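Step one of this worksheet: look at the structure below.
Residue numbers (the numbering used here): 16 to 183.
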């Protein structure tokens with residue numbers, strides 16, 4: 016489905032905030048004790064809880080023709096804040112919010128939007144939780160010259176030779 020169709024199907028109540036408003040919360044990053052399960056058995060690690068704006072500020076710097084995995088995104092954020100890891104759960108949620116805000120910007124006619132489609136899951140996989148699902152992410156990536164491979168599952172798509180095109 017094309018992204019405009021996706022956005023038109025999004026039902027918002029009159030009190031529902033826009034995606035760009037959702038980008039503002041939380042406004043301040045947090046560093047907390049990391050759960051041992053995410054620290055591979057180590058204790059006492061520090062975990063970054065990022066903000067949607069922090070994610071946007073990194074993703075907008077991914078140049079055309081390059082990709083970044085969500086793991087590399089988390090590692091970059093953690094290193095920049097002196098943490099051992101970034102929370103994978105909140106990073107995924109806030110990346111999705113930032114992606115929806117980018118499409119909201121596009122719908123408002125903005126020419127430059129955050130290129131969220133350049134962020135891949137591990138193994139070069141596309142993210143079905145992005146606006147328009149894997150189909151829309153694939154369309155954006157193909158428009159930039161990337162080759163998309165179809166996997167076995169319904170939402171199983173990946174970028175061919177993605178590792179050669181990733182930045183960290």
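Heads up, the beta-carbon is just placed ideally off N, CA and C, and yes, glycines get one too.
Fair warning: this is a prediction, and the values are worked out from it, not measured in the lab.
#1: Given residue 26, which residues of its chain have a CB within under 6 Å of its CB, disregarding the five upstream and five downstream residues?
#2: Whole angstroms is fine: what's the gap from residue 23's alpha carbon to residue 35's?
#3: Within its chain, find whatever has a CB closer than 6 Å to the CB of residue 94; leave out the 5 residues flanking it on each side and keep chain order.
#4: Ignore the nearest five residues each way along the sequence and tell me which others in residue 114's own chain have a CB closer than 7 Å to its CB.
#5: Here's the rule I'm using: 16 or more other beta-carbon atoms within 10 Å means buried, otherwise exposed. How should residue 192 be labelled?
#6: Alpha carbons only, please: which of 33, 159, 60 and 43 is nearest the one belonging to residue 51?
#7: My assumption, with CB atoms under 8 Å, is that residue 102 sits in contact with residue 64. Please give the rounded CB distance.
#8: Measuring alpha carbon to alpha carbon, tell me which of 48, 141, 119 and 49 ends up nearest residue 196.
In terms of the structure at hand:
#1: The residue you call residue 26 lines up with position 11 of the chain shown. Bear in mind that the predicted position of residue 26 carries a pLDDT of just 46, short of 50, making it unreliable; the figure below should be weighed with that in mind. Same-chain partners within the cutoff: there are none.
#2: Counting from one through the chain shown, the residue named residue 23 turns up at place 8. Counting from one through the chain shown, the residue named residue 35 turns up at place 20. With a pLDDT of 42 at residue 23, under the threshold of 50, the predicted position of this residue should be treated as unreliable, though the coordinate-derived value follows. Their backbone Cα atoms lie some 17 Å apart in a straight line.
#3: Locating residue 94 in the chain shown gives position 79, where the first residue counts as 1. Nothing meets the Cβ criterion.
#4: As a position in the chain shown, residue 114 is number 99, starting the count at 1. The answer, listed in chain order, is 131, 145 and 146.
#5: This structure gives no information on residue 192, because the portion of the chain shown stretches from 16 to 183.
#6: Looking up residue 51 in the chain shown gives position 36. Checking every option, the nearest Cα to that of residue 51 belongs to 60.
#7: Here residue 102 refers to the residue found at position 87 of the chain shown. Here residue 64 refers to the residue found at position 49 of the chain shown. With a Cβ gap of about 5 Å, residue 102 and residue 64 count as contacting.
#8: Absent from the structure is residue 196, since the part of the chain shown begins at 16 and ends at 183.
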